[in-house]
Structures are given as structure tokens and as C-alpha cells.
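Notes follow once the structure below has been shown.
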Amino acid sequence: MQTTLAYFFGKIHRQTDSLYTDSDTVITDSFSYLPQSEDPSAWNVRVLGAGQANIEANQDYPASEHPSDYALDWEKGRTLPAFQVLYITRGSGLIETSQTPATKLEAPFIFLLFPETWHRYRPSPETGWQEHWIGFDGPIPQNLLETGVIDSKRPFFEIGHHDAILALFQLILDEVKNEALGFRRIAAASILQILALATSLPLRQEEENQPMRAVIRQASFLLRERTDSNLSVQTLADELNVGYTYFRRLFKKYTGFSPKQYHTQLRFERVKRLLSETDLSISEIANLLNFDSTFHLSQWFKKLSGTPPSTWRQASR
Numbered sequence: 006m007q008t009t010l011a012y013f014f015g016k017i018h019r020q021t022d023s024l025y026t027d028s029d030t031v032i033t034d035s036f037s038y039l040p041q042s043e044d045p046s047a048w049n050v051r052v053l054g055a056g057q058a059n060i061e062a063n064q065d066y067p068a069s070e071h072p073s074d075y076a077l078d079w080e081k082g083r084t085l086p087a088f089q090v091l092y093i094t095r096g097s098g099l100i101e102t103s104q105t106p107a108t109k110l111e112a113p114f115i116f117l118l119f120p121e122t123w124h125r126y127r128p129s130p131e132t133g134w135q136e137h138w139i140g141f142d143g144p145i146p147q148n149l150l151e152t153g154v155i156d157s158k159r160p161f162f163e164i165g166h167h168d169a170i171l172a173l174f175q176l177i178l179d180e181v182k183n184e185a186l187g188f189r190r191i192a193a194a195s196i197l198q199i200l201a202l203a204t205s206l207p208l209r210q211e212e213e214n215q216p217m218r219a220v221i222r223q224a225s226f227l228l229r230e231r232t233d234s235n236l237s238v239q240t241l242a243d244e245l246n247v248g249y250t251y252f253r254r255l256f257k258k259y260t261g262f263s264p265k266q267y268h269t270q271l272r273f274e275r276v277k278r279l280l281s282e283t284d285l286s287i288s289e290i291a292n293l294l295n296f297d298s299t300f301h302l303s304q305w306f307k308k309l310s311g312t313p314p315s316t317w318r319q320a321s322r
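In the working numbering, the protein residues as written are 6 to 322.
Okay, here's the thing in C-alpha cells:
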């Protein structure tokens with residue numbers, strides 16, 4: 006495709022100084038676009054460009070100095086052949102894509118643009134905004150899209166002001182501008198960190214805002230504390246004063262395991278530790294952990310590990 010070739014080839018730099026009006030920090034408006042590289046050592050992520058800009062209230066947007074392939078006209082919108090991630094750290098703006106309706110967002114937030122997906126965005130005239138952006142592609146981002154880790158129907162991440170993420174954007178821009186040896190590898194790893202943080206932080210914030218998280222923490226503690234018994238999940242739910250069905254569903258949402266699976270795994274790990282690190286007989290271990298019998302422990306262990314406990318003990322030493 007002609008647009009793809011134009012997107013990847015040629016190197017362009019632009020840099021001006023402007024004042025970030027909400028603080029005493031001087032912000033350098035800057036962007037760089039890189040020529041195509043098939044560097045196999047870049048961790049299957051390829052950085053294509055990076056930039057940052059401070060857009061004042063009522064200022065024209067975007068800057069006219071960008072290459073024509075990146076031209077963003079609000080009336081027409083735009084389609085790019087690769088991914089972009091933008092971190093808006095000041096102001097507000099309107100974002101619309103072929104997969105999402107026009108949405109007004111207040112900084113700070115991150116949004117993703119996806120390959121061959123029509124989009125348009127602009128800062129609010131009354132506020133302007135501060136933006137940091139990175140263009141990238143590669144097998145790993147494509148795999149994240151195909152597996153649903155990132156989704157063109159959910160491109161917005163309200164993560165708050167996050168120093169580590171801002172530092173990563175700035176690191177990538179510096180590396181792209183300077184092109185020191187190994188810069189593509191550093192940029193590739195940093196892009197993956199940004200995506201990991203952007204997709205994880207909102208989940209953590211949601212967790213922290215939910216009172217049930219404390220219940221799940223307490224349940225996890227009690228399950229770990231009581232590996233010496235075949236605990237009833239119903240009894241545990243009653244002790245925590247929550248309904249059994251709701252508790253089971255919520256516990257699995259947070260941990261990936263049902264309470265029974267979680268407790269079983271903890272007991273299994275404890276049995277393995279006793280087998281490998283102590284001289285207790287299998288009968289003594291069965292009594293210590295309140296199994297019905299040595300036979301019961303042996304059958305249970307073999308079902309989980311594929312080998313009897315005596316065989317596992319010999320192999321572990």
C-alpha cells in the first residue's frame with residue numbers, strides 16, 4: 006500500500022519550545038518518525054515514531070508540520086496502518102473511532118489507535134491539552150489485539166497521573182531522537198510496559214474501590230492459614246458473612262480460582278514441601294493435614310501430580 010510505504014520510510018524531526026501553562030515546567034514540542042527497520046532483536050515490537058506537544062486553548066490542531074500521511078482533518082478523520090498510543094496529561098478532548106462513539110474525556114487518560122481503524126480526535130478549544138504519543142507495530146501488539154488484551158472497542162484507559170508511564174513515554178522519545186546503539190530494543194520494551202500498565206492500572210483502581218476486595222483478601226488469608234484441614238467453602242462464606250454463590254463467583258474473578266481450587270492448590274504445595282523438606286512419613290503427613298487416611302492422601306496426591314507421594318519424594322531429593 007502506498008500509505009504504508011510512506012508511513013515507514015523517511016526520517017523527520019521537529020522541535021520547538023513551549024510553556025506548559027499549568028505548571029512551571031518548560032515542555033518541548035517534539036516529534037520523530039523513523040525509517041523502516043526489520044531489527045529481529047527488537048522483541049517483535051517496532052517503534053515507528055514518538056512525540057509530545059502542548060496545545061494551548063484555541064490553538065490550531067494538529068501542527069501542520071506533520072507528514073501528509075499523518076494529517077488529521079476533523080471533518081475527514083484519519084486511518085493509519087499501525088498502532089498509536091497517546092497519553093493526555095492535561096486538558097480535555099473529544100475522541101471518536103469507527104468502533105466507538107464520540108467521547109469527551111478529561112485528562113489524565115490514555116487512548117489507543119488501531120491499524121486500519123478510522124478515527125478522529127482533538128483537544129477541547131477551551132482547554133487545549135498536553136499529549137505524548139508513540140507509533141508502533143509488530144507481532145506482539147497484533148497478538149494482544151487478537152487475544153483481546155487490547156480492544157478497538159475499548160480504547161480508553163483512565164489511569165490518572167502516573168509518573169512511571171510518563172517517564173516511559175519520555176524515554177522512548179529520547180531514544181528515538183538520539184538513535185543510540187540498541188535504542189529500538191529499549192523502545193520496544195518500554196512500549197510493552199506502557200501497554201501492560203495501561204491495561205492493568207484501571208483494574209487495580211476498580212479493585213481498590215470495591216469493599217469486597219477486603220473480603221477476598223481475608224478469605225485468601227484464611228484459606229492459606231487452614232491448609233491443615235479440608236475446609237468447607239460454605240463454612241468459610243458463612244464466617245465471612247457473605248452468600249456462598251456470590252462469594253465463589255467473586256473469589257474466582259479476583260484470583261482465577263474457585264475457593265476450593267485455591268485451597269486444594271495450597272494443600273498440595275504444603276504436602277510437596279513436607280515430602281521434600283522433612284522426614285515425616287506419609288502417614289504422619291496425612292494425620293498432620295487431617296486427611297481421612299494415608300490411602301486417601303496417596304490417591305489425592307496421585308490425582309494432582311500423576312505420581313504417588315512416595316515416588317514424588319524420591320524424585321525430589
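Where a beta carbon is used, it is the ideal one built from N, C-alpha and C, also for glycine. The structure displayed is predicted, hence computed values, not measured ones.
Check whether residue i and residue j have beta carbons under 8 Å apart
i      : j      : result
PRO113 : ALA62  : no
LEU117 : LYS109 : no
ASN235 : ASN295 : yes
ILE93  : TRP123 : no
GLY56  : LEU173 : no
THR105 : VAL154 : no
VAL220 : LEU241 : no
ILE164 : VAL50  : no
LEU202 : HIS167 : yes
THR132 : GLY82  : no
LEU171 : THR232 : no
PHE88  : PRO120 : yes
ILE115 : PHE188 : no
LEU200 : LEU149 : yes
LEU77  : GLY54  : no
Selected residue, minimal CA-CA separation from residue i, among the options
i      : options                        : result
ARG125 : ASN183, GLU244, TYR66          : TYR66
LEU280 : ALA320, GLY311, LYS257, GLN135 : ALA320
ARG229 : ALA203, VAL247, PRO264         : PRO264
TYR267 : SER288, SER237, ARG318, GLY96  : SER237
PHE224 : PHE252, LEU197, LEU200, SER205 : The question names Phe, but residue 224 is Ala in the sequence shown. When only C-alpha atoms are compared, the closest one is PHE252.
SER310 : ILE290, VAL276, GLU282         : VAL276
MET217 : LEU77, LYS257, VAL181, TRP317  : LYS257
SER103 : GLN304, TRP305, ARG159, PHE306 : ARG159
HIS137 : ALA58, ASP284, LEU302, ARG190  : ALA58
Bounding residues of the alpha helix (DSSP H) (the contiguous stretch that carries residue i)
i      : result
TYR249 : 249–260
HIS268 : 264–282
VAL1   : With the chain represented from 6 up to 322, any question about residue 1 goes unanswered, as that position is not in the structure.
PHE306 : 299–310
GLU4   : As shown, the chain starts at 6 and ends at 322. That puts residue 4 outside it, with no answer to give.
GLN57  : From DSSP, GLN57 is part of no alpha helix (DSSP H) but of the beta strand (DSSP E) over 51–60.
GLU289 : 287–293
Where the beta strand (DSSP E) through residue i begins and ends
i      : result
THR102 : 88–102
ARG125 : 124–128
Close Cβ partners of residue i (< 6 Å) along its chain, the five nearest in sequence each way excluded
i      : result
ILE287 : THR299, PRO314
GLN304 : none
SER28  : Caution is warranted here: a pLDDT of 37 is assigned to SER28, below 50, making its placement in the model unreliable, and no coordinate value can be reported.
GLY143 : ASN49, VAL50, ARG51
Same chain, Cβ closer than 7 Å to residue i, five either side skipped, listed in chain order
i      : result
SER195 : LEU173, LEU176, ILE177
GLN198 : LEU173
ALA192 : VAL52, ILE177, GLU180, VAL181
The ligand NAP heavy atom lying under 7 Å from the CB of residue i
i     : result
LEU99 : Among the components of this structure there are no ligands whatsoever, and the ligand NAP is therefore not found.
Quick one: complete alpha helix (DSSP H) runs, 4+ long, within the segment 176–225? 188–213
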